[in-house]
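*Asks:*
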Ligand SMILES: [Zn+2]
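In my numbering, the protein residues as written are 26 to 160.
1) Pull every residue with its beta-carbon under 6 angstroms away from any heavy atom of ligand 1, and keep them in chain order.
2) With a threshold of 16 other CB atoms inside 10 Å of the CB of residue 110, please say whether the residue is buried or exposed.
3) Classify residue 42 as helix, strand or coil using the three-state DSSP reduction.
4) Could you check how far apart the C-beta atoms of residue 108 and residue 64 are, in whole angstroms? I think they sit under 8 angstroms.
5) Which two residues bound the contiguous alpha helix (DSSP H) that contains residue 86?
6) Taking 8 angstroms as the threshold (C-beta atoms), are residue 46 and residue 89 in contact?
7) Using the C-alpha atoms, what's the distance from residue 94 back to residue 100?
8) Give every residue of the same chain whose Cβ lies closer than 7 angstroms to the Cβ of residue 76, excluding the five residues on either side of it in the sequence, and list them in chain order.
9) Taking 8 angstroms as the threshold (C-beta atoms), are residue 157 and residue 43 in contact?
10) Who does residue 122 pair with in a DSSP beta bridge?
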């Protein structure tokens, strides 16, 4: 039984069910134990994906097992910032964290679908500004 079939049937899973499935998936043979792992998203100007980025970046940490995107919009220039695939230096301090919300209240339709499919949401770390750093 997939989460999508639940959605099609009009029944939204609870956050506890979502967490359970994501944990089973990400700690199993298919997934990747991402919990606690650091990553970075870089608005690159030297990669195969982008040559017109501004060079800004954020450092993230995954608080829970779950899905995070490969790319996102740069917070400074709006170009595409891409994931470093968890290959980041351990000394980097996260500016943002990927979290699972406590419930689905107040989320957009896109966010509800994303969270129900095991996706995590992004927010600044506690006390952080949420600003993108420049290189
Ligand atoms: Zn940028």
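No residue lacks a Cβ here, since even glycine has one placed at the ideal position from N, Cα and C.
*Replies:* So, from the data block:
1) 68, 78, 79, 81, 99, 101, 102 and 104
2) exposed
3) helix
4) 6 angstroms
5) Run containing residue 86: none in the alpha helix (DSSP H); it sits in the beta strand (DSSP E), 82 to 87.
6) no
7) 15 angstroms
8) 70
9) no
10) Residue pairing from DSSP places residue 122 in a beta bridge opposite 86 and 148.
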